[in-house]
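For the sequence shown, counting from 1, position 61 maps to 72 in UniProt numbering; every step adds exactly one.
Here the structure is laid out as C-alpha cells; the discussion comes afterwards.
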Amino acid sequence: EEHSGETPSEQSTNAESVDDEAELDSSDAQETPQPRADGAGEDGGGGQPGTSDAHEGELDETSKDEQLEGVRENPSGEELTTDHGVKVSDTDNSLKAIERGPTLMEDFHFREKMTQFDHESIPERVVHARGTGAHGYYQPYEDPDLGDEYDEIADVTKAKVLTNPDQKTPVFTRFSTVVGSRGSSDTVRDVRGFATKFYTEDGNWDLVGNNMPPFFIQDAMEFPDLVHAIKPEPDNAIPQASAAHDTFWDFASLKPEITHMIMWVLSGRALPRAYRMMQGFGVHTFRLINDDGESVFVKFHWTPKLGTHQLVWDETTKLWGKDSDFNRKGLYDVIEEGYDLEWELGVQLFDEERAEEFDFDILDPTKIVPETEVPVRPIGKMVLNETPDNFFAETEQVAFHPGNVVPGIDFSNDPLLQGRLFSYQDTQLNRFGSANWDEIPINRPLAERHNNQRAGFMRQEINEGKVSYKPNSIGDDDPQEVPEEEGGYEHYNEKIDGKKIRNRSESFQEHFDQARLFWNSMSEPEKQNIVDAAHFELGKVDRMEIRERMVYDLFNNVDHEFATRVAEGIGVEPPDSPGDEMPDHDREDPSLSMENRTPDTIETRKIAILLDDGFEDDHVSELESALEDEGARVKIISKYLGEKSGANGETVDADQHHVAAASVSFDAVVVPGGSESVDTLTQQGDPKHFVAEAFKHYKPIAALGEGTELLEEVELPDIDIASDGDGTVTSEGVVTSRDGSDLDAFAEAFVDAIAQHRHWGRSPAEVPA
Ligand code: HDD
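Laid out in C-alpha cells, this is it:
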C-alpha cells in the first residue's frame, strides 16, 4: 500500500539525512533530496535516496511514489529551521530595537518568513483553475478484443504503455471545473476537465480530456473568444463560474458550430454526481502508430466502473452553500477511505477509408464518432488509489500538455488540437515563470532525460561536463539521437499536398446533425433536464435578441419541439415550423444517455440513516451491514451529535447533526423504526425536510416500521407506502415495510433502488423543499 501505510516518522525525510551533525561531511550534501537529474550517474540511481530512476521494464505502480519520496519533507519530531537550515529559537516575535521599539532589518528569520509568504501565490490556470487530483496506475488488459478488423493492440500501436499487460504505469489525474476561479464552487453547470499524466518508460504521455466528447469550437484561434465570452464579464467580473449571462450566449448564438456541445452542457453531464462517476474523452481524433509506421485513427474514452451519474440542478445550487467542495472532497474522501477508483480505457479505431465514409469530418472536434458507427473497445484500466500529500506541490503544480506523447501515439490535424500544441507549453511559462516547470517533481518523467537544454529560472538539474551542444567531439557527441527502430519518436509521415490557406473546411460546415442525435437519444426526463437548464441559462440573459437567436437559429435547427419548449419558458415567441437546417433524421445512440450507464453497484454511495434515541436496534444494525457489504458508506444523522440508544439497549454514535448535514450531500436516506425515535423525528422540521428534499431530487428513500409514519407526514405525491401485512413495497424508488419482518428482502429492495441512482418517474414539482 505505498507510502500511505507509513507513519510520518518512518518516512525518510530531508531533515533526517542531514540530521546528525556529527556525521555530516561533504558527501552528505549529495543526499539532500533535491529534485534531481533523472538518470544522472552511471548506476542510474545517482546516489540519492528515494529518487531512483525507472529502467526499461522495471517501471511499476510505485515508481512515481518512490521518485517523489526523494523530495518529501516531514516535520514530525524535527527542529524548526530557516530555509537555509539554521535552527530557529523564536518564530513569534520579530527582533526589535528595544522592547516596544521598531523591527530591525537584520531579523533574517522575519524577512525570510515574510518574503516566502508574500510570494506564495502563483497565477491560477486561465481555465480549469479549480480541481483535484489523485495518483494511481494504468494497466493494459491482456488480449483486448478489438473486433474483426484488428487482431491485437500491438498491431495498431507500439506504445508500450498501451500494450504491455505486465506493466503498471504510474499516473496522476487531475479533474477540474473549467470556468470558475480557484475558489469557486464545485457543482456549477460546466464541462469537467479529465487530465491524466502517464509516467511511461518512454516519457510522459498527457491525455488532456474532458467529461464530454465534443467541444465548443473548431479552431484553436477561437479559444480566447470562447473563454472571454464565458468568463465573468469584464466590466464587473460577474457572474462567477457560470455561463448564464449575456456574453456567453451572445457568442454561442452567433456560432452554430457550438450547438452540439451546448446540448451536452445543458444536460446532466454538466452536473456530475462525482468525479469518480464521470466518463472522460480525449475529444480529438488522435493517431496510433505501429512498429511498421502505419497509422490508425483513435478516439479515447474513459468509462467509470461506478457508472455515469448526475446531480439535479436544485441540488447543485444548494451544494454551492452547504458543501461547496462536494466533488473535490468526494474524490479525496473515498480514496482516503480505501476505495480503488477504476476507469476502463476504451478506444474507437478507424482507418482513413472508414474516416472518409462518415458524414462528418473526423478532424472536426465538435463531432463525435457515434458508438453506433464504431464501438468502443476496452483496452485497459486506470486505478486511482492515492491522494496527494500536498495540494500545491502536486495538484496545483501538475502541468499538462497535449503535446506530451510517446512513440506509438501521434496527433491528427484537428485544428483545435494543433493550436493546443502551442498553448499549453506557453501557459505553463506564465504559471511557473520558467521553462523548467518540467523539473518540478510532479511533472518529472520517470524516463531518463538527457539533452542540451540548459539553465533558466529555478534550474534544478546539475548538468555535468563541458558540452551543451551538438555536434560535439569533446563529449563523444553524447547524448546520442535515437533511431526510430530503437525508440526515437518519429512523427507520422503524413503526405501533405496543397496550398496554405486560412479558412474553415467545407467538411466542417454541418452543425446540427449530432446535436439532434444527442437530443433524440435522451430519455424524456433527460430532455426535460435540458429544457429546464435552457430556461435557467437563457432566463439570465437580458437581451431578447440573444434569446431569440438561440431559439430560432440554433435550437430550432436541432428539434422543433425542443425549440418550442425552450421558447415557452423564456418569453420568446415559439417558432411555427422547424428551422431550415434541421436534419431530417430520427437516429439515436443509446450510449449517449446516462440512463444506459448505470451498472448494478452502490459502491461508494453515501446513505443517511435518520434516527434518535429509541430507534429499532435490529433495523439499524441490519441495514448498516447490508449497505456496507455492498460497498456503500453509511452515516447516522441526528439532531445532536453523540451517543444514541436503541430501544433494545444498543448504542450508535451520530456521525453528523442536522445543522451540518444536508440531504444534498447524500445519495439516499432511510428512516428505521422505533416509536420513540420516530416521534422525536416527526416533531422536527429537519428530518422531514431531509426526506422531502431527497424526494425532490429523485433519490432513493426507505423507511421501516414506524419510520414509514415520517414518510406519510411528508406526503410524497403518488407514492405507495406499505401498510401492515404488505411486506416490502417499492414505489418510484421509495422502499417501505410497515411490519419490518423481512429485513433481508427490504435491504435488497433498497440496494436495488440505490443502484438505479435517481428515480425519474416521480413528479416532485409540488414538494416544498
Ligand atoms: Fe484546454 C487547461 C482540456 C481546448 C488551452 N484544458 C486544460 C485542462 C484540461 C483541458 C483538462 C486542465 C489541465 C489541468 O488539470 O491542469 N482543453 C481541454 C480539452 C479541449 C481543450 C479537452 C478541447 C478538446 N484548451 C483548449 C484549447 C486551448 C486550450 C483549444 C487553447 C488553444 N487549456 C488551455 C490552457 C490550459 C488548459 C490555457 C489552462 C491551464 C493549462 O492549460 O495548463 O493552456
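Note that CB positions come from ideal geometry on N, CA and C, so glycine has one too.
Notebook entry, point to check: To the nearest angstrom, how far is it from the Cα of Gly486 to the Cα of Glu492?
Noted result: Distance from the CA of Gly486 to the CA of Glu492, rounded to the nearest whole angstrom, comes to 14 Å.
Notebook entry, point to check: So the beta strand (DSSP E) Val393 belongs to, where does it begin and stop?
Noted result: The sequence given here has Met at residue 393, not Val. It spans 388-397 - the beta strand (DSSP E) in which Met393 sits, taken as one unbroken run.
Next item on the list: Tell me whether the beta-carbon of Tyr503 lies closer than 7 Å to the beta-carbon of Ile300.
Entry: Going by C-beta atoms, Tyr503 is nearer than 7 Å to Ile300.
Next item on the list: Please state whether DSSP places Pro113 in a helix, a strand or coil.
Entry: It is coil, neither helix nor strand.
Margin query: Could you check whether Gly147 and Asn454 sit closer than 7 Å to each other, using their CB atoms as the reference points?
Written below: Against a cut-off of 7 Å, the Cβ pair of Gly147 and Asn454 comes out as no contact.
Next item on the list: Grab me the residues of Ser674's own chain with a C-beta within less than 6 Å of its C-beta, minus the 5 sequence neighbours each way, in chain order.
Entry: Taken in chain order, the residues that qualify are Phe701, Glu704, Ala705.
Next item on the list: Leaving out five residues on either side along the sequence, give the residues of the same chain with a beta carbon under 7 Å from the beta carbon of Leu70.
Entry: Answer for Leu70: Gln178, Thr180, Glu212, Leu457, listed in chain order.
Item checked: Residues bridged to Lys107 (per DSSP) -> Partner(s): Thr114.
Check: Does the ligand HDD have a heavy atom nearer than 6 Å to the CB of Leu432?
Finding: Leu432 Cβ: outside cutoff for every heavy atom of the ligand HDD.
Notebook entry, point to check: Of all the beta strand (DSSP E) runs that stay within the bounds of the region 140-227, which reach a length of 3 or more residues?
Noted result: Listed in chain order, the complete beta strand (DSSP E) runs (minimum 3 residues) inside the region 140-227 are 142-151, 180-188, 203-211, 214-221.
Next item on the list: Give the C-beta separation of Gly144 and Phe183 to the nearest angstrom, bearing in mind that I take them to be a contact with Cβ-Cβ under 8 Å.
Entry: Yes, they are in contact, since the Cβ atoms of Gly144 and Phe183 sit about 6 Å apart, within 8 Å.
Notebook entry, point to check: Span of the alpha helix (DSSP H) holding Phe259?
Noted result: Boundaries of the alpha helix (DSSP H) harbouring Phe259: 257-264, taken from the DSSP string.
Next item on the list: Check each candidate in Ala764, Ser734, Asp763 and name the one with the smallest Cα separation from Asp750.
Entry: Of the candidates Ala764, Ser734, Asp763, the residue whose Cα lies closest to the Cα of Asp750 is Ser734.
Next item on the list: Report yes or no: do three or more beta-carbon pairs, one from the region 676-686 and one from the region 611-619, lie closer than 8 Å?
Entry: The region 676-686 is in contact with the region 611-619.
Check: If you draw a straight line from the alpha carbon of Asp449 to that of Ile507, how long is it in whole angstroms?
Finding: Each residue's alpha carbon lies about 32 Å from the other.
Next item on the list: May I have a chain-ordered list of the beta strand (DSSP E) segments no shorter than 3 residues that lie completely inside the region 292-344?
Entry: If you keep only unbroken beta strand (DSSP E) runs of at least 3 residues inside the region 292-344, you get 297-300, 306-315.
Note to self: Taking the alpha helix (DSSP H) that Arg241 belongs to, which residues open and close that run?
What the structure shows: It is worth fixing the name first, because residue 241 is Ile in this sequence and not Arg. Segment 234-241, the alpha helix (DSSP H) holding Ile241.
Margin query: Is the separation between the beta-carbon of Ser748 and that of Thr739 shorter than 7 Å?
Written below: In contact: Ser748 and Thr739 (Cβ atoms closer than 7 Å).
Margin query: When you measure from the CB of Ser187 to every non-hydrogen atom of the ligand HDD, does any distance come out below 6 Å?
Written below: For the ligand HDD, at least one heavy atom lies less than 6 Å from the Cβ of Ser187.
Notebook entry, point to check: Run through DSSP, which three-state label would Ile557 get?
Noted result: Looking at Ile557 - three-state DSSP - the assignment turns out to be helix.
Next item on the list: Consult DSSP for Asp287 and reduce its assignment to one of helix, strand or coil.
Entry: The sequence as given places Arg at residue 287; Asp does not occur at that position. Residue state, collapsed to three classes: helix.
Next item on the list: Determine the DSSP secondary structure at Gly580, reduced to helix, strand or coil.
Entry: DSSP places Gly580 in helix when its eight states are reduced to three.
Next item on the list: Starting from the C-beta of Thr258, find all residues in its chain whose C-beta is less than 8 Å away, skip the five residues before and the five after it, and write them out in chain order.
Entry: Taking C-beta separations shorter than 8 Å and ignoring five residues to either side along the sequence, the partners of Thr258 in its chain run His239, Ala240, Ile241, Glu244, following chain order.
Next item on the list: For Met555, count neighbouring Cβ atoms within 10 angstroms of its own Cβ and tell me buried if that reaches 16, exposed if not.
Entry: Taking every protein chain shown into account, the CB of Met555 has fewer than 16 other CB atoms within 10 angstroms, so this residue is exposed.
Next item on the list: Tell me whether Thr438 counts as near the ligand HDD, meaning its Cβ is closer than 6 Å to at least one heavy atom of that ligand.
Entry: Within the cutoff, so yes.
Check: Going by the beta-carbon positions, is the gap between Tyr343 and Thr398 smaller than 7 Å?
Finding: Going by C-beta atoms, Tyr343 is nearer than 7 Å to Thr398.
Notebook entry, point to check: Could you give the residue range of the alpha helix (DSSP H) that holds Trp354?
Noted result: Membership of Trp354 in any alpha helix (DSSP H) is not indicated; the residue belongs instead to the beta strand (DSSP E) covering 352-361.
Checklist line | Alpha carbon of Glu724 to alpha carbon of Val745, nearest angstrom | finding: Rounded to the nearest angstrom, the two C-alpha atoms are 14 Å apart.
Check: So is Gly147 in contact with chain C if we call contact Cβ pairs under 7 Å?
Finding: Reference to chain C is not applicable here, since this structure consists of a single protein chain.
Next item on the list: Check the C-beta distance from Val199 over to Gly191 and give it rounded, since I have them as a contact under 8 Å.
Entry: Going by Cβ atoms, the distance from Val199 to Gly191 rounds to 6 Å, so yes, they are a contact pair.
Check: Looking at the structure shown, is Glu548 part of a helix, part of a strand, or coil, going by DSSP?
Finding: The three-state secondary structure of Glu548, taken from DSSP, is helix.
Margin query: Which residue wins for smallest C-alpha separation from His668, given the options Gly142, Ala658, Leu652?
Written below: Checked all of Gly142, Ala658, Leu652; the closest Cα to His668 is Leu652.
Item checked: Contact test: Gly291 Cβ vs the ligand HDD heavy atom, cutoff 6 Å -> No, the beta carbon of Gly291 sits no closer than 6 Å to any heavy atom of the ligand HDD.
Next item on the list: Buried or exposed for Thr93, please, with buried defined as at least 16 other CB atoms from any protein chain shown within 10 angstroms of its CB.
Entry: Residue burial is scored here from C-beta neighbours: Thr93 has fewer than 16 other C-beta atoms within 10 angstroms and is therefore classed as exposed.
Notebook entry, point to check: How big is the Cα-Cα spacing for Glu475 and Lys481?
Noted result: Whole-angstrom Cα-Cα distance: 15 Å.
Note to self: Less than 6 Å separating the Cβ of His239 from some heavy atom of the ligand HDD?
What the structure shows: If you check the C-beta of His239 against the ligand HDD, you find no heavy atom less than 6 Å away.
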